Amino acid sequence: MFIHTWNKYLPVIKILLKRSLKEEQKLDMNKSDFERAAGGKKMKLTFSVEVVKGRIRGPESPSLLAKDLVEALAQDETTNSFIRQSELGFTMNSSFQLVIRNNTPPPEPVEQTEETTAQGGEEKDGSSDVG
């Protein structure tokens, strides 16, 4: 029902997903787009949903609006790849503002031991074995 509407906003959502790595992002959307997509049906047009590795997570069943957002993201190759590697929060408020939060934990630093340095490390002081 709302996939066409989400697809309209998808180019901007792609940019905001990338920016969400640094900070929360907000997108102001047009209320009439969603009311038209609802076809005159009275629907709750707000939601809050967590998407972990491409799947909706939460104790309650998400609204059709939220499901269609995730489906639109999954249908696009670029956003599908991004959401499958991320933990994201999407909230749409009554002002038709979509808030995107990237909750992906930072990667754990890999400790470099002497063994791993010796196996593949090159000398960084500029010296060489060529004489």
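The numbering used here applies: residue -13 is where the sequence shown begins, and numbers increase by one. By construction, the Cβ of each residue, glycine as well, lies at the ideal position given by its N, Cα and C atoms. Just so it is clear, the structure is predicted and the values come from calculations on it, not from any experiment.
Item to check | Anticipated Cβ contact below 8 Å, V37 with I69, distance rounded | outcome: 6 Å
Item to check | Paired residues, beta bridge with D14 - DSSP | outcome: Q83
Checklist entry - Taking the alpha-carbon positions, what's the A52 to E97 distance? => result 40 Å
Next on the checklist: If contact is defined by three or more beta carbon pairs under 8 Å, each pair taking one atom from either stretch, is the region 3 to 14 in contact with the region 84 to 93?
Outcome noted: yes
Next on the checklist: Could you tell me which whole alpha helix (DSSP H) segments of length 4 or greater appear in the region 17 to 85?
Outcome noted: 17 to 23, 50 to 61, 63 to 70
Next on the checklist: Using the three-state DSSP reduction, which class does N88 fall into: helix, strand or coil?
Outcome noted: strand
Checklist entry - Should I(-1) go down as buried or exposed, given a rule of 16 or more other Cβ atoms within 10 Å for buried? => result buried
Checklist entry - To which residues of the same chain is L119 closer than 7 Å at the C-beta, ignoring the five residues directly before and after it? => result Since the first residue shown for the chain is -13 and the last is 117, residue 119 is missing from the structure and cannot be characterised.
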